[in-house]
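Last residue of the sequence shown: 507 (the numbering used here), numbering continuous.
From the three backbone atoms N, C-alpha and C, an ideal C-beta is built for every residue, glycine too.
From a predicted model like this one, the values you see are computed outputs, not experimental measurements.
Report on the structure given below.
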Amino acid sequence: MKLTLFLLFAIFCAVTLTQTVEKKEGGIGCLVCTTVVSAAEQYLADGKTEAQIEALLDKECNKLPIGKTQCQDIVNEDVPKIIQFLEEKKTPQEICSLLGLCTSEVEEKTEGGIECIVCTTVVSAAEQYLADGKTEAQIEALLDKVCEKLPIGKSQCEDIVNEDVPKIIQFLEEKKTPQEICSLLGLCTSEVEEKTEGGIECIICTTVVNAAEKYLASGKTEAQIEVLLDKVCEKLPIGKSQCKDIVKQYVPEIIQLLEESKTPEEICSLIGLCTSEVEEKTEGGIECTVCDILIGLVEKYIEEGKTEEEIEKLLDKECALLGSSYEAMCKTLVEEYVPTFIDYIEQHQSADTICSEIGLC
């Protein structure tokens, strides 16, 4: 459980900070490595053997919704070296530098938006605790524990908890999103948001609107559409939180605009999630983004025991949700690359590596 929380934070950091493959590879490798090493350190202190440590780490990797392959690569390749370095009293950061997964360049890239990332992590956790009926004092105590478990950004996390919990709770009760709250607290700037959001929100928005259009055509009510769209969000391998934010904030507006016969692209532009600037930025890297999404889905279907043929059919249905702008391109990728995706995934390659190897990122 501890490692899962660490790794989810690490993956969140890597996903939200990245726009290019270079940034993705560096950041996620470093962050996942430091969290794996920290967990291995704990297991070693508990007297576990090398085989037990490897099995425990592998089990935690398998619980992750995304990032399994990066985690498993480190576990499969580096556990003996990690244990040796830990016995030499090296720190997780030193070990991951020695393994070539953390460099000063990676740390410099990561540090820039760390307050924004830590803030959204804290606010998302607070949102869950508030939904569970916890009091302000209980939330603060639980968030302190979250801070203790973070592989990086502990001091920033503690500052946010000590100074901002009452404001965070107030904003959450006003139905503001983690991103909005962290902007209001001055911890996420437009520069950081520009790096973290951009194309993915535009793609997710068109996916949501296309699904809403189908549900509306089949006579569903607004409440039913909202429930069904939440299920669509749950199926996404990345961008679940952005998807749920769109559903929570925009369903009435989306339905109204659909009833005015506006297209998904027009609707997402009107609500500010697809702009000409975003579309221009996104268009160049759209194949890369869709490739990432498809690999996440292929990993999921492989775990469910689906055959190659079944995976292709399921992915074709997922592509249909992307709407006219991206559906054809998505289906072309499915037709051309599913066997390749499966081969690479079975070799425990990461989505970033796969999409780069086949020239899509």
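Rounding to the nearest angstrom, what Cα-Cα distance links residue i and residue j in this structure?
i: L247; j: T180; result: 9 Å
i: K205; j: V354; result: 33 Å
i: Y483; j: I500; result: 10 Å
i: I475; j: C507; result: Per the sequence presented here, residue 475 reads as Met, with Ile not at that position. Their Cα atoms are separated by approximately 15 Å.
i: E380; j: E458; result: 20 Å
i: E320; j: I285; result: 17 Å
i: L244; j: E406; result: 59 Å
i: D498; j: K322; result: 32 Å
i: S250; j: I241; result: Low confidence applies to S250: its pLDDT is 47, below 50, so where it sits in the model is not reliable, and the reading given next is rough at best. Roughly 13 Å between the two C-alpha positions.
i: T486; j: N308; result: 49 Å
i: C414; j: I448; result: 33 Å
i: E456; j: I488; result: 12 Å
i: K235; j: P226; result: 15 Å
i: A283; j: E326; result: 23 Å
Between residue i and residue j, is the Cβ-Cβ spacing less than 8 Å?
i: S270; j: P312; result: no
i: V264; j: L289; result: no
i: V393; j: E372; result: yes
i: I314; j: A277; result: no
i: L362; j: L404; result: yes
i: I491; j: V444; result: yes
i: L440; j: L460; result: no
Does DSSP put residue i in a helix, a strand or coil?
i: Y396; result: helix
i: L416; result: helix
i: L135; result: The first residue shown for the chain is 147 and the last is 507, placing residue 135 beyond what the model contains.
i: L331; result: coil
i: L245; result: coil
i: L506; result: coil
i: C217; result: helix
i: S364; result: coil
i: C348; result: helix
i: S184; result: helix
i: D278; result: coil
i: K408; result: coil
i: D192; result: coil
i: G451; result: coil
i: E240; result: helix
i: K323; result: The residue you asked about is not Lys; residue 323 is Thr in the sequence shown. In this structure, T323 counts as coil in the three-state DSSP scheme.
i: K300; result: helix
Within the continuous alpha helix (DSSP H) that includes residue i, where are the two ends?
i: T499; result: A497 to E503
i: T478; result: E473 to E492
i: K381; result: E368 to K381
i: E454; result: E454 to A466
Going by beta carbon distance, what residues of the same chain come within less than 7 Å of residue i, once the five residues before and after it are set aside?
i: L330; result: F317
i: D310; result: L331
i: E473; result: C465 and A466
i: V182; result: L203, C217, I220 and V221
i: D224; result: L245
i: E454; result: V484, P485 and I488
Going along the chain, which residues of its own chain have a beta-carbon closer than 8 Å to the beta-carbon of residue i, five neighbours each way excluded?
i: L304; result: This sequence places Glu at residue 304; Leu is not what is there. Once the five neighbours on either side are set aside, the close Cβ partners of E304 are D290 and C293.
i: I229; result: A186, L190, E196 and I199
i: K408; result: L416
i: E368; result: V397, P398 and I401
i: K300; result: C293 and E294
i: K452; result: L460
i: K366; result: L374
For residue i, I'd like the list of residues in its chain whose CB is within less than 6 Å of its CB, leaving aside the five on either flank, ordered along the chain.
i: T266; result: P324 and C328
i: L419; result: E347, C348 and C351
i: E261; result: Q302 and L333
i: E433; result: L506
Cβ-heavy atom distance between residue i and the ligand ATP below 7 Å?
i: T323; result: As presented, the structure is devoid of all ligands, the ligand ATP included, so that no description of it is given.
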